[in-house]
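Novice:
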Amino acid sequence: MSSRLDSAPNEVIRQILRAVCEKDPVIKKKALNCLDQYAEYYDESERQEEVTVGTKRKAQPPFPIVHLCVNCGEAFLEEENEDDACCYHEGDLEYDWESPTWEDWDERIFGPRDNDRNRRDHPAGFVWECCDEPGDNTMGCTSAPHEAPVPSHKRKKVSAESVSGSEEETGNLGSTQDQPIEL
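Residues in the sequence shown are numbered from 1 upward in steps of one, following UniProt numbering.
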C-alpha cells in the first residue's frame, strides 16, 4: 500500500484525504494535527525559496516524518518528542456496574452493555482498570514520550488476478480534476 501512496499524484492524495476527513471527524482531527506539526517546516521552506530567487538553489532538507502515537493517537515529530509529551491510560476500560449510565438500560432493547461499541459511545459506563477513573476521563494516568508505530515488513502474496488488476488497482486513474472521491 505504501508504494501506491508514494506514487499517487498529489491531487489524488488530496482528494482521498478530503473524502476520508469528511466521513470521520477523528481522522480529520489527526490530519489537521499532522499539518500543524509540519507548519513550521512549510514556513521555513517558503522563506528559503524567497531568499534563493535568482540564485542557485541548494537542496531542500527533507520534511521530517510525522508519527501518530500508538498510545494517545496524537501527531508528533521525533525531534520534538519530550519525556512527558504523551498522556494515556495503560489499562483497558472495564464495565462499571454502578454507573448511572446503565440505570434505564434494557438489554432486550439496547443489547448487551459490555461491548466495544458502548465503550466508544458510552465511556462513562466504564472505568479504566489502570487507575479506576471514569471511562470518559480522557486525560491519561501515565506520562511518557510519544511512541511511534513499528513498521510492518510483511509481504503480501501476489495472485494472478492482482498482477493483471483493474485500472483502480494498477493506479491508472487518469485525470482526477473533476472526479471527487466518495467513500
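Heads up, the beta-carbon is just placed ideally off N, CA and C, and yes, glycines get one too. Note that this is a predicted model, so its numbers are computed, not measured.
Just to confirm before moving on: does the CB-CB distance between residue 88 and residue 126 stay below 8 Å?
Specialist: Working through the sequence shown from its first residue, we reach residue 88 at position 88. Working through the sequence shown from its first residue, we reach residue 126 at position 126. No.
Novice: Per DSSP, which one or two residues make a beta bridge with residue 134?
Specialist: If you number the sequence shown from 1, residue 134 lands on position 134. Answer is 127, bridged to residue 134.
Novice: Look at the alpha carbon of residue 66 and the alpha carbon of residue 141, and state the distance between them as a whole number of angstroms.
Specialist: Reading the sequence shown from its first residue, position 66 is the one you call residue 66. Reading the sequence shown from its first residue, position 141 is the one you call residue 141. When rounded, the distance between both Cα atoms is 24 Å.
Novice: Taking the CB atoms as reference points, tell me whether residue 146 and residue 76 lie closer together than 8 Å.
Specialist: On the sequence shown, position 146 is the one that residue 146 refers to. On the sequence shown, position 76 is the one that residue 76 refers to. Yes. Within cutoff.
Novice: On the DSSP bridge assignment, give the partners of residue 70 in chain order.
Specialist: Reading the sequence shown from its first residue, position 70 is the one you call residue 70. Beta-bridge pairing links residue 70 to no other residue.
Novice: Could you name the residues that DSSP lists as bridge partners for residue 142?
Specialist: Taking the sequence shown and counting its residues from 1, one reaches residue 142 at position 142. Answer by DSSP bridge pairing, in chain order: 88.
Novice: Leaving aside the five residues before and after residue 82 along the sequence, list all residues of the same chain whose C-beta is less than 8 Å from its C-beta, in chain order.
Specialist: The residue given as residue 82 occupies position 82 in the sequence shown. Cβ within range, chain order: 145.
Novice: Could you spell out the range, first to last residue, of the alpha helix (DSSP H) harbouring residue 82?
Specialist: In the sequence shown, counting from the first residue as 1, residue 82 sits at position 82. Per DSSP, residue 82 belongs to no alpha helix (DSSP H) and is neither H nor E.
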